[in-house]
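K.L.:
From first to last, the protein sequence lines stand for chains Z and C.
Everything in the first sequence is counted per numbering that gives the first Met the number 0, starting at 0 for the first residue and increasing by one.
Everything in the second sequence is counted per numbering that gives the first Met the number 0, starting at 0 for the first residue and increasing by one.
Sharing a structure here in structure tokens format.
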Amino acid sequence: MASAERSAALVSGPEQRLALRPWAARKLDDLGELQYHTVLASVGYEPRSSAIARMLPRPRVGVAVGFETHREHAYDDNARWYDEAHYNVSDDWGEAFPPLVRRLLTEAAQEPGRRVAVDISSMERPRIAAVVHSLATLSRQADLEVDLLYAPAQFRPPGDLPSGTLSLTCVSAFFIGRLQSASELADPVALVGLGYEPYKAAGALQSLEVDRAVALVPEGFDERFLPEVLEANKGLLAGPDPPDQLRYPVADPAECVALLDGQIHALRARGATPLLLPLGPKIFTANACLAAAMHHPHVAVWRASFLEREDAVPHHPDGNVCGVTFTRRPAEQWDE
Amino acid sequence: MLATDPDKGPYSRFNARRATPAQVATGFVPPDEYWELASSTDPQLLIGPRGIGKTTLLKMLMTEALEVWDHEQAPRAHREVRFTGAFVAADKMWAGQLDQLEIEIPAEHRSRFGVAAFSYMALGALARAGLARIGKSGDEREHDRVELSVAQQEELAAMVADSWHAPASIATMSGLEDQMGINLAALGTLMQHVATPGLTPTEIKTAVQDPLLEIDFFTAASLFIDLFNKAVGQRDHPWVILIDEFEFLPDGSQRQLGGAFQGRNPRLSFKMSIAPYTGRRSFAGTPLNDWLPVHLSRPRREQADHFSDALIQRQIADRARTFGDRSEASPTPQAIFREGGFEAREEDSYAPGSENDKDAAALAAIDTDFKRWFEEKIGAGGMRGPDTPGYNELRKAMPLIRLRLAYLREGGGPGSPHRIPELYAGIHNIRAMGEGNPRWLKALTHALLERWEGGQKIVPRDQQARAIQSTAEELYNTLKAVPIEHRVSDTDSVQTPAPGPGDDRISPFQLITRLGIFLREQTHGEAFRTNQPGAFKIDVEDPWVQDVVHSLVFLGALVYEDAEGSDPDAEAVRLAHMWAPIFRLLPRKGRERSLRVALERSAPALKRRHSASGQVPFPEGGG
């Protein structure tokens with residue numbers, strides 16, 4: 000077990016114009032003190048998909064993107080609330096989502112000092128990847144601070160995993176890693192974020208045929224999550240070739256990104272090929288994409304999901320919010 | 000082909016695809032199929048399931064491997080391999096990268112990107128193969144070495160530079176190889192650019208005019224080969240591109256290799272490894288240039304057992320060291336685990352009062368179907384010795400008798416939960432359930448040796464049973480979340496299907512469960528039969544089910560069997576013996592049945608046991 004030093008929680012990318020810094024976790028009720036020019040959120044079926052936006056002061060630009068499927072549970076309530084709060088309730092899902100994010104961020108970056116919040120709580124993984132992709136490839140003139148925010152779900156015991164057919168793909172084209180000859184691929188090592196879906200990590204790792212794995216174990220706000228995560232992955236963690244384990248605090252994504260960054264540096268220095276497989280809380284997907292973006296194009300981010308439609312679980316927020324601040328400054332300011 | 004050292008050879012703990020040729024060559028023992036590949040420059044398809052050693056065989060055709068192979072058969076290989084082999088690998092990870100890029104690239108441009116990616120990969124391999132032959136030192140193990148001066152290399156590199164998209168300043172063979180890696184990476188960047196959200200059609204049109212996409216592999220490779228051959232005075236020397244896991248190549252390259260490239264240059268040929276199920280009709284070749292199939296079968300039982308024992312022995316030694324035991328000779332697997340519970344007993348006696356006689360009598364007392372069978376075969380007078388009618392049939396039935404007895408004694412029918420009986424303990428069962436699969440063997444042995452106290456002590460049979468149960472359940476449950484490789488059509492490359500409506504399609508876990516339940520009903524059902532089914536002829540037409548079956552073979556959960564009957568294209572599979580304790584089966588082969596019928600018949604049985612949640616239930620003992 001290891002834990003990253005808090006002092007290491009400021010990391011920067013190779014261009015030295017991309018920096019992250021911690022965003023102090025707080026209660027949902029305390030979000031009223033923050034002011035954002037732009038807020039990007041989701042209209043989902045979970046009550047938590049509007050929890051952050053409801054507590055933030057009204058932004059100048061608010062966009063909430065819906066989903067084509069799973070319009071159940073709290074979906075209509077959320078859509079209604081966003082509409083009444085003067086958010087643009089958008090149907091730019093799927094292929095239309097990445098251009099929307101790019102446009103929003105580019106417009107927000109037109110004037111220095113604007114702050115943007117992106118609530119990833121109800122975003123699916125490709126959306127999170129699209130957000131990080133856009134952040135990482137903003138123009139050299141961009142001057143922007145973006146808080147990626149996450150409202151953890153209330154604890155509920157994991158159900159038995161129905162059998163399914165796993166779909167294993169890269170999360171997006173930006174995160175495929177460096178294209179190289181498969182025969183030259185050196186020692187692939189998976190940095191896998193564990194969730195509490197039994198056997199999912201084991202099944203995915205088995206299929207990827209990696210040489211070694213490092214398991215990132217989330218320590219959530221609610222202590223009940225950890226034993227469930229360990230139980231769900233006990234076969235993997237106790238196997239004949241168990242992965243190394245690293246614990247990361249869900250409350251401090253910047254620290255987690257620093258941890259991943261350190262692992263990636265170490266693996267690359269040894270000639271290995273790191274790849275990221277984010278299961279578990281959504282914020283880990285954001286962390287993984289941010290870490291991979293810093294090492295672009297050398298690190299792939301994979302996605303494991305079931306082909307069969309998964310049950311829509313109406314997660315409620317547990318009252319906490321965590322996040323990480325992404326800062327992009329114009330090139331000349333970094334050069335000074 | 001099996002090596003006895005579990006760290007060496009094709010069944011070793013390392014992945015042959017990423018091993019150096021020297022690593023692959025260490026401990027390599029050639030099977031017959033190797034000589035089929037080595038002695039011919041014809042286009043060949045090496046067909047065999049995962050883990051069978053296809054990659055190793057292809058790599059052992061490379062100069063670098065031949066030169067370090069230390070084996071009595073090595074001189075023969077030097078004589079028979081009369082070509083230069085260039086090894087090109089594709090795999091799940093590489094295909095996943097390309098798949099994702101292609102999804103986000105406009106459809107009309109995808110094929111060109113995929114073909115270019117393969118081309119740079121294969122040209123790099125060609126340069127490497129050429130490089131491996133340069134320089135003679137007089138070592139007797141050298142294979143087809145040639146002299147190519149620096150000036151000649153410079154000249155060759157300059158002449159191919161244009162068609163290889165390399166700078167004219169590239170002056171060496173290694174420079175050419177490196178440049179192909181750079182081109183491949185640049186192609187990836189170009190693909191990512193074209194996949195950028197919001198790019199205008201004009202921007203895309205400009206991007207796809209990049210010269211990197213103007214690559215003609217066949218012309219570029221032929222030019223290199225002809226120039227190289229000419230420079231070293233071997234005008235007719237053949238070169239063979241050795242393509243591993245062909246099914247993972249992009250569609251466009253598959254089509255070219257499947258037909259268009261064949262026979263155009265007698266000095267350039269291809270050998271490709273594929274999984275048995277991969278759209279064979281696509282690879283028929285052209286009328287005068289057929290692909291010749293080379294089927295790589297599973298190793299014989301004795302070979303697999305030999306390998307399994309060596310691997311288990313290694314783990315015993317490792318475990319012994321944790322007890323501070325540094326002695327040279329750790330106990331054998333046989334000494335620690337003893338005989339398998341289904342093996343013939345030492346006394347092998349069926350005389351009145353013998354263990355076998357007691358078991359048969361005990362079963363007859365509680366199993367009316369067996370009693371009927373016994374009386375029919377042996378007669379009411381019971382077993383008196385080898386001359387008694389039905390002696391051989393009873394002998395053959397003893398494993399099944401013990402199995403039914405063990406479960407009926409537990410007090411439950413097929414539906415009752417229980418721990419698996421000690422019958423599944425013993426080295427014979429451990430070997431059978433390990434299936435010669437290093438990963439499974441390691442998992443089994445790891446769990447078993449946790450219950451070993453070191454020295455000459457045995458692992459008690461009840462403890463063995465528990466270790467086997469936990470390992471089998473863990474591996475079985477892992478099937479709940481595995482991908483399958485699905486072809487939309489015969490001409491498609493293998494890919495993971497995109498998420499979509501598929502709720503009614505059978506999952507890998509469901510398929511194993513349904514076959515297991517079918518066999519369990521046959522084994523423990525009302526009729527006592529000695530000729531139990533154990534294999535399934537793949538007679539389903541549904542491509543999805545076929546692909547689930549073949550993906551399960553890829554994962555080791557199903558095992559190919561030689562199909563009964565005269566149809567050479569028929570395929571049959573059996574459940575891996577690892578699932579025997581899950582479904583209360585004998586870890587043995589059985590007669591063949593129809594897969595279609597088995598799936599149909601097991602559906603109602605499965606439905607009866609559906610849990611309230613509607614999820615597929617664990618069979619008893621499965622979790």
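Just so it is clear, CB atoms sit at the ideal spot from N, CA and C, and this is done for glycine as well.
Bear in mind the structure is a predicted one, so any value in this text is a computation, not a measurement.
Locate the beta strand (DSSP E) running through glycine 322 of chain Z, then write down its first and last residues.
P.N.:
Walking along the first sequence from the start, residue 322 of chain Z turns up at place 323. That run of the beta strand (DSSP E) goes 319-327.
K.L.:
What number of angstroms, rounded off, separates the C-alpha of glycine 322 of chain Z from the C-alpha of aspartate 209 of chain C?
P.N.:
For this step, residue 322 of chain Z is matched to residue 323 along the first sequence. For this step, residue 209 of chain C is matched to residue 210 along the second sequence. If I take the Cα positions, the gap works out to 41 Å.
K.L.:
Could you give the distance in angstroms between the alpha-carbon of alanine 526 of chain C and the alpha-carbon of aspartate 538 of chain C?
P.N.:
Translated into the one-based positions of the second sequence, residue 526 of chain C becomes position 527. Translated into the one-based positions of the second sequence, residue 538 of chain C becomes position 539. So the alpha carbons of these two residues sit roughly 26 Å apart.
K.L.:
Which ranges would you report for the alpha helix (DSSP H) in the segment 186-249 of chain Z if only whole runs of at least 4 residues count?
P.N.:
Here the runs fully enclosed are 199-207, 224-231, 233-236.
K.L.:
Measure the alpha-carbon distance for tyrosine 149 of chain Z versus alanine 52 of chain Z and round it to whole angstroms.
P.N.:
By one-based count along the first sequence, residue 149 of chain Z stands at place 150. By one-based count along the first sequence, residue 52 of chain Z stands at place 53. Cα to Cα, the separation comes out at about 11 Å.
K.L.:
Output needed in chain order: residues of the segment 172-196 of chain Z with a Cβ under 9 Å from some Cβ in chain C.
P.N.:
Residues Ala172, Phe173, Phe174, Ile175, Gly176, Arg177, Leu178, Gln179, Ser180, Ala181, Ser182, Glu183, Leu184, Ala185, Asp186, Pro187, Glu196.
K.L.:
Are there 16 or more other CB atoms within 10 angstroms of the CB of leucine 287 of chain C, so buried, or fewer, so exposed?
P.N.:
Looking up residue 287 of chain C in the second sequence gives position 288. Because the pLDDT of leucine 287 of chain C is 49, which lies under 50, any placement of that residue in the model is unreliable, and the number read from its coordinates should be weighed accordingly. Leucine 287 of chain C comes out exposed.
K.L.:
Check the DSSP bridge columns for glycine 163 of chain Z and list the partner residues they point to.
P.N.:
Taking the first sequence and counting its residues from 1, the one referred to as residue 163 of chain Z is at position 164. The partner list for glycine 163 of chain Z (beta bridge, DSSP) reads C/Ala480.
K.L.:
Taking a contact to mean a Cβ-Cβ separation below 8 Å, would you say alanine 156 of chain C touches glycine 129 of chain C in this structure?
P.N.:
Translated into the one-based positions of the second sequence, residue 156 of chain C becomes position 157. Translated into the one-based positions of the second sequence, residue 129 of chain C becomes position 130. The answer is no: Cβ separation not under 8 Å.
K.L.:
Taking one C-beta from the segment 256-266 of chain Z and one from the segment 228-241 of chain Z each time, how about it: are there three or more such pairs within less than 8 Å?
P.N.:
Cβ pair count under 8 Å is below three, so no.
K.L.:
Quick check on lysine 135 of chain C: does DSSP put it in helix, strand or coil?
P.N.:
In the second sequence, the residue the question calls residue 135 of chain C occupies position 136. Of the three classes helix, strand and coil, the one that applies to lysine 135 of chain C here is coil, per DSSP.
K.L.:
What would DSSP say about glutamine 625 of chain C, mapped onto helix, strand or coil?
P.N.:
This structure cannot settle anything about residue 625 of chain C, because the visible part of chain C is limited to 0 through 622.
K.L.:
To the nearest angstrom, report how far apart glutamate 599 of chain C and serine 506 of chain C are at their CA atoms.
P.N.:
Numbered from 1 along the second sequence, position 600 holds the residue referred to as residue 599 of chain C. Numbered from 1 along the second sequence, position 507 holds the residue referred to as residue 506 of chain C. About 15 Å.
K.L.:
Asparagine 476 of chain C CB to nearest chain Z CB: under 8 Å?
P.N.:
Counted from its first residue, the second sequence places residue 476 of chain C at position 477. Closer than 8 Å to some Cβ of chain Z, the Cβ of asparagine 476 of chain C qualifies, so yes.
K.L.:
In chain order, what residues of the same chain lie with their CB nearer than 8 Å to the CB of serine 110 of chain C, ignoring the 5 residues before and after it?
P.N.:
Translated into positions along the second sequence, residue 110 of chain C becomes position 111. Taken in chain order, the residues that qualify are Pro249, Asp250, Gly251.
K.L.:
Distance, Cα to Cα, phenylalanine 245 of chain C vs lysine 270 of chain C?
P.N.:
Taking the first residue of the second sequence as position 1, residue 245 of chain C is located at position 246. Taking the first residue of the second sequence as position 1, residue 270 of chain C is located at position 271. Answer to the nearest angstrom: the Cα atoms are 10 Å apart.
K.L.:
Give the DSSP-derived three-state secondary structure of lysine 456 of chain C in the structure shown.
P.N.:
Locating residue 456 of chain C in the second sequence gives position 457, where the first residue counts as 1. In this structure, lysine 456 of chain C counts as coil in the three-state DSSP scheme.
K.L.:
Can you list the residues of chain C that serine 48 of chain Z reaches, using a CB-CB cut of under 8 Å?
P.N.:
Against the first sequence, residue 48 of chain Z aligns to sequence position 49. Correct list: empty, because the minimum Cβ distance to chain C is about 20 Å.
K.L.:
Output yes or no for whether 8 Å exceeds the beta carbon distance between tyrosine 349 of chain C and leucine 402 of chain C.
P.N.:
Indexing the second sequence from 1 puts residue 349 of chain C at position 350. Indexing the second sequence from 1 puts residue 402 of chain C at position 403. Contact: no.
K.L.:
Nearest to glutamate 218 of chain Z by CA position, among Z/Asp210, Z/Pro241, Z/Asp251, Z/Leu207, is which residue?
P.N.:
On the first sequence, position 219 is the one that residue 218 of chain Z refers to. For glutamate 218 of chain Z, the nearest C-alpha among the options comes from Z/Asp251.
K.L.:
Using a 10 Å radius around the Cβ and a threshold of 16 neighbouring Cβ atoms, would you call valine 320 of chain Z buried or exposed?
P.N.:
Numbered from 1 along the first sequence, position 321 holds the residue referred to as residue 320 of chain Z. Counting Cβ neighbours within 10 Å, valine 320 of chain Z comes out buried, since at least 16 surround it.
K.L.:
What does lysine 91 of chain C reach in chain Z if we use C-beta pairs closer than 7 Å?
P.N.:
For the purposes of this step, residue 91 of chain C is taken as residue 92 along the second sequence, with counting starting at 1. Chain Z residues near lysine 91 of chain C: Ser206, Leu207, Glu208.
K.L.:
Going by beta carbon distance, what residues of the same chain come within less than 7 Å of glycine 113 of chain C, once the five residues before and after it are set aside?
P.N.:
Position 114 of the second sequence, counted from the first residue, corresponds to residue 113 of chain C. For glycine 113 of chain C, where only same-chain residues beyond five positions count, the Cβ hits under 7 Å are Leu97, Glu101, Pro249, Asp250, Gly251, Ser252.
K.L.:
If I follow the unbroken alpha helix (DSSP H) through proline 74 of chain C, where does it start and stop?
P.N.:
Sequence index remark: in the second sequence, residue 74 of chain C carries index 75 (1-based). From DSSP, the alpha helix (DSSP H) with proline 74 of chain C extends over 73-79.
K.L.:
Against chain Z, does glutamine 509 of chain C count as a neighbour if the rule is that its beta carbon must be under 8 Å from one of theirs?
P.N.:
To locate residue 509 of chain C, count along the second sequence from 1; it is residue 510. Yes, its Cβ sits closer than 8 Å to a Cβ of chain Z.
K.L.:
Please classify valine 149 of chain C: does DSSP put it in a helix, a strand, or coil?
P.N.:
Along the second sequence, one-based indexing puts residue 149 of chain C at 150. Residue state, collapsed to three classes: helix.
K.L.:
Starting from aspartate 118 of chain Z and walking both ways along the beta strand (DSSP E), at which residues does that stretch end?
P.N.:
One-based indexing of the first sequence puts residue 118 of chain Z at position 119. Note, aspartate 118 of chain Z: beta strand (DSSP E), 114-118.
K.L.:
I need the boundaries of the alpha helix (DSSP H) containing glutamine 208 of chain C, first residue and last residue.
P.N.:
Locating residue 208 of chain C in the second sequence gives position 209, where the first residue counts as 1. That residue, glutamine 208 of chain C, is in no alpha helix (DSSP H); it is neither H nor E in DSSP.
K.L.:
Just mark serine 148 of chain C as buried or exposed, buried being the case when its beta carbon has 16 or more other beta carbons within 10 Å.
P.N.:
To locate residue 148 of chain C, count along the second sequence from 1; it is residue 149. Under this definition serine 148 of chain C is an exposed residue.
K.L.:
Where does histidine 85 of chain Z land, buried or exposed, given buried means 16+ other C-beta within 10 angstroms?
P.N.:
Here residue 85 of chain Z refers to the residue found at position 86 when the first sequence is read from its first residue. When all chains shown are included, histidine 85 of chain Z counts as exposed.
K.L.:
Compare the C-alpha of proline 398 of chain C against each of C/Leu585, C/Lys357, C/Arg504 and name the closest.
P.N.:
Start at 1 with the first residue of the second sequence, and residue 398 of chain C comes out as number 399. Proline 398 of chain C has its Cα closest to that of C/Leu585, out of C/Leu585, C/Lys357, C/Arg504.
K.L.:
Are the beta-carbon atoms belonging to proline 187 of chain Z and threonine 272 of chain Z less than 8 Å from one another?
P.N.:
As a first step, residue 187 of chain Z is located in the first sequence; it is residue number 188 there, counting from the start. As a first step, residue 272 of chain Z is located in the first sequence; it is residue number 273 there, counting from the start. It is a contact, given that the beta carbons lie within the stated cut-off.
K.L.:
Report all residues from its chain with a CB closer than 6 Å to the CB of alanine 141 of chain Z; omit the five preceding and five following residues, and keep chain order.
P.N.:
Here residue 141 of chain Z is taken as the residue at index 142 of the first sequence, counted from 1. Same-chain partners within the cutoff: Ala108, Arg327.
K.L.:
Should valine 256 of chain Z be labelled buried (16 or more other beta-carbon atoms within 10 Å of its own) or exposed?
P.N.:
On the first sequence, position 257 is the one that residue 256 of chain Z refers to. So valine 256 of chain Z ends up on the buried side.
K.L.:
Using the C-alpha atoms, what's the distance from proline 330 of chain C back to aspartate 324 of chain C?
P.N.:
As a working note, residue 324 of chain C is residue 325 in the second sequence. As a working note, residue 330 of chain C is residue 331 in the second sequence. Going by the C-alpha atoms only, they are around 11 Å apart.
K.L.:
Taking Cβ positions only, does serine 6 of chain Z come closer than 8 Å to chain C?
P.N.:
For this step, residue 6 of chain Z is matched to residue 7 along the first sequence. In this prediction, serine 6 of chain Z scores a pLDDT of 30, lower than 50, which makes its location untrustworthy; no coordinate-derived value is stated.
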